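Reviewing the structure listed below.
In full-length UniProt numbering, the protein residues as written are 1 to 214.
Below is the structure:
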């Protein structure tokens with residue numbers, strides 16, 4: 001699978017589906033804008049729900065700034081809020097960047113198992129609601145006009161990151177071009193957004209020196 005780069009990448013999945021782990025393995029830390037991480041910045045920790053409003057305020061500011069600069073931006077939230085999703089899509093269109101959804105299609109039972117193993121698990125009824133929303137979201141995504149909706153299975157979204165592998169990949173990430181350059185291609189619909197490059201997934205990324213020096 002190839003993802004356009006630079007691009008907006010919005011993760012969609014229930015708690016425990018592996019969104020943060022997948023993003024951390026495939027993208028540089030500064031490319032990922034995480035609501036949990038920002039709760040830890042503006043509140044007492046990543047699970048401080050009282051800090052959610054402030055965290056999302058910061059998230060929206062960072063997403064807008066990165067897209068405005070033409071940088072790959074990975075939005076790591078549940079991705080189930082339709083209004084927010086559409087606002088990010090509109091921002092990508094304004095910036096002239098491709099817009100991609102990565103849908104974490106992890107089995108319900110695996111999400112429940114991972115959630116139960118957390119120090120502060122999401123309450124079971126809340127997780128059940130998230131899982132229902134994930135099952136219903138695909139038709140909405142198809143109708144919203146994303147350039148690509150890419151499902152990722154459980155085997156590609158492990159519960160725990162592997163530090164050594166992540167460090168090895170991070171050493172290859174020196175610019176925002178991605179795994180390999182390709183000929184510029186148009187969107188399949190409308191040709192408003194040009195794909196200047198792409199990332200091949202999965203696998204470690206290497207970046208051309210000409211872009212790395214910028």
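Where a beta carbon is used, it is the ideal one built from N, C-alpha and C, also for glycine. It should be emphasised that the depicted structure is a prediction, and the values quoted were computed from it without experimental measurement.
From the DSSP output, in three-state form, read off residue 77 for me.
Working through the chain shown from its first residue, we reach residue 77 at position 77. Coil, per DSSP.
Assuming contact is defined by CB atoms lying nearer than 8 angstroms, are residue 122 and residue 75 in contact in what I supplied?
Taking the chain shown and counting its residues from 1, one reaches residue 122 at position 122. Taking the chain shown and counting its residues from 1, one reaches residue 75 at position 75. Against a cut-off of 8 angstroms, the Cβ pair of residue 75 and residue 122 comes out as no contact.
For residue 79, count neighbouring C-beta atoms within 10 Å of its own C-beta (all shown protein chains included) and say buried if the count is 16 or more, exposed if not.
Counting from one through the chain shown, the residue named residue 79 turns up at place 79. Looking at its Cβ environment, which holds 16 or more other Cβ atoms inside 10 Å, residue 79 is buried.
Just verifying my parser: in three-state terms, what is the DSSP assignment at residue 71?
Within the chain shown, numbered from 1, the residue matching residue 71 stands at position 71. Residue 71: coil per DSSP, three-state reduction.
Return the CA-CA distance between residue 40 and residue 27, expressed in angstroms with no decimal places.
By one-based count along the chain shown, residue 40 stands at place 40. By one-based count along the chain shown, residue 27 stands at place 27. Near 20 angstroms, if we compare the C-alpha coordinates of residue 27 and residue 40.
Return the first residue and the last residue of the beta strand (DSSP E) that residue 24 is part of.
Position 24 of the chain shown, counted from the start, is the residue given in the question as residue 24. Careful: residue 24 lies outside any beta strand (DSSP E), inside the alpha helix (DSSP H) at 19-26.
Would you kindly report the start and end of the unbroken alpha helix (DSSP H) that includes residue 108?
Position 108 of the chain shown holds residue 108. It spans 108-116 - the alpha helix (DSSP H) in which residue 108 sits, taken as one unbroken run.
What number of angstroms, rounded off, separates the C-alpha of residue 62 from the C-alpha of residue 42?
Mapped onto the chain shown, residue 62 falls at position 62. Mapped onto the chain shown, residue 42 falls at position 42. Approximately 14 angstroms, taken between the alpha carbons.
Out of 137, 52, 6 and 35, point me to the one whose CA is closest to residue 104's CA.
Position 104 of the chain shown holds residue 104. It is 137.
Determine the contact status of residue 131 and residue 14, defining contact as a CB-CB distance below 8 angstroms.
The residue given as residue 131 occupies position 131 in the chain shown. The residue given as residue 14 occupies position 14 in the chain shown. Yes, the Cβ-Cβ distance between residue 131 and residue 14 is below 8 angstroms.
Taking the alpha-carbon of residue 118 as reference, which of 17, 52 and 145 has the nearest alpha-carbon?
To locate residue 118, count along the chain shown from 1; it is residue 118. Cα-wise, what sits closest to residue 118 is 17.
With which residues is residue 105 paired in a DSSP beta bridge?
Here residue 105 corresponds to residue number 105 of the chain shown, with the count starting at 1. Paired residue(s): 153.
May I ask you to verify whether the stretch 97-114 touches the stretch 48-64, counting CB pairs closer than 8 angstroms and requiring at least 3?
Flag = no, the stretch 97-114 and the stretch 48-64 do not touch.
Is any non-hydrogen atom of the ligand COA found closer than 7 angstroms to the C-beta of residue 133, if you look at the structure I gave you?
Of ligands this structure carries none, so the ligand COA is not represented either.
Using 8 angstroms for Cβ pairs, my map puts residue 101 next to residue 146. What's the rounded Cβ distance?
Position 101 of the chain shown holds residue 101. Position 146 of the chain shown holds residue 146. With a Cβ gap of about 5 angstroms, residue 101 and residue 146 count as contacting.
By how many angstroms is the C-alpha of residue 64 removed from the C-alpha of residue 55?
Within the chain shown, residue 55 is the residue found at index 55, counting from 1. Within the chain shown, residue 64 is the residue found at index 64, counting from 1. When rounded, the distance between both Cα atoms is 14 angstroms.
Pick helix, strand or coil for residue 32, following the three-state DSSP scheme.
Against the chain shown, residue 32 aligns to sequence position 32. Looking at residue 32 - three-state DSSP - the assignment turns out to be strand.
What residue from 77, 73 and 31 has the CA that sits closest to residue 97's CA?
Sequence index remark: in the chain shown, residue 97 carries index 97 (1-based). Nearest option by C-alpha distance: 73.
Quick one: residues in its chain with C-beta nearer than 6 angstroms to the C-beta of residue 66, no 5 flanking neighbours on either side, listed in chain order?
Residue numbering aside, residue 66 sits at position 66 when the chain shown is read from its first letter. The residues are 73.
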